[in-house]
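UniProt numbering applies: residue 1 is where the sequence shown begins, and numbers increase by one.
Just so you know, even glycine gets a beta-carbon here, dropped at the ideal spot from N, CA and C.
Remember, it's a predicted structure, so these values are computed and weren't measured experimentally.
What follows is a set of notes on a single structure, which appears directly below.
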Amino acid sequence: MNEGLGSGADSMGYPKETECIGTSITSDPTTEADNRTVRESASPHLTTDPAPSAEYLNSLGWSHLQEFRDIGTLDDLEKAIVYFSRAVTSTPDGDPELSHWQTDLGIAFTARFQRYGELEDVEKSIAQTTRALASTPDDHPDLSRRLANLGTTYTDRYRCLGELADLEKAIECDSRALALTPDGHPDMSHRHAGLGASYGDRYQRLGELADLEKVIQSFSCALALTPDDHPDMSDRHASLGVSYTDRYRRLALVSRLDPSSQSLLIRLPPSKPASNAVV
């Protein structure tokens, strides 16, 4: 399973894994050599065919995006966005495939944001993924994944702008994505980890211990579902460890105060310098 470039840990909250899985290569991943073959064989057709199909354009976009993920060539990322955009614009409204192309374009914009940090790319990703979700039926197999992707982009925007509304939307998307994911699904651990990171951001912002308990619960579930050889295993151990440390520090500080001050400290966000008053 291919994961995008996740948001790193910083003072804004816990690291959030970025699924950003598209519709073209996840069920049948191609190797780097396969991607190069697709691209080299496709390019001549693009110059001679005045109207390549949207499916073909989207597949070509994925070959470039996968090349970017594997090697990090920025030119491939830009080409992926070009081809995904052409797939979207060449598909009429109402076409059942349009939501697929919009989802993939949103994924590419997220990848570019996570490389350059330009807010405009987050806005474009949210717009494309929101449009895709608007036409996604409730029983669509990709609904939970699209919700998870949208939750990630709302988290990205929250960490840029600090708007609490974006954080609440991220939690809503992550919660719905988790609820729609059946037990045993290979993405279940990602769903728990994503929701845990969102609750972690809200705990850092508002300081509610209830959110920290949800962080621990979510990260514990994610870790329990993670195979020993999973590439995210060490990060998930670390995230859970950080959340336990946060709880220990918060409760230890509370225990040092007199009862009349404890309720006030519990309500303060962890970023507040409340500990300065305790000698």
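Segment limits, alpha helix (DSSP H) that includes residue i
i, result
"residue 225", "It is not in any alpha helix (DSSP H) - residue 225 carries neither H nor E in the DSSP assignment."
"residue 144", "143-161"
"residue 16", "Segment: none, residue 16 is in no alpha helix (DSSP H) and carries neither H nor E."
"residue 70", "54-71"
"residue 100", "98-116"
"residue 196", "188-206"
"residue 164", "164-179"
"residue 89", "74-89"
"residue 132", "119-134"
Supposed contact pair residue j and residue i - C-beta distance, whole angstroms, cut 8 Å
i, j, result
"residue 185", "residue 222", "Going by Cβ atoms, the distance from residue 185 to residue 222 rounds to 13 Å, so no, they are not a contact pair."
"residue 170", "residue 158", "6 Å"
"residue 83", "residue 57", "5 Å"
"residue 144", "residue 181", "5 Å"
"residue 87", "residue 106", "Actually they do not touch by this definition, with Cβ atoms about 12 Å apart."
"residue 111", "residue 65", "7 Å"
"residue 77", "residue 108", "7 Å"
"residue 14", "residue 189", "In fact, because the Cβ distance is near 15 Å, the residues do not count as touching under 8 Å."
"residue 218", "residue 251", "Incorrect: roughly 19 Å between the Cβ atoms, too far for contact."
"residue 205", "residue 161", "That belief does not hold up - the Cβ atoms of residue 205 and residue 161 are roughly 12 Å apart, past 8 Å."
"residue 121", "residue 113", "4 Å"
"residue 154", "residue 142", "Incorrect: roughly 18 Å between the Cβ atoms, too far for contact."
Proximity winner among the options, relative to residue i (alpha-carbon distances)
i, options, result
"residue 100", "75, 129, 247 and 218", "129"
"residue 173", "156, 152, 163 and 164", "152"
"residue 16", "229, 201 and 165", "201"
"residue 213", "229, 243 and 81", "243"
"residue 247", "229, 211 and 237", "211"
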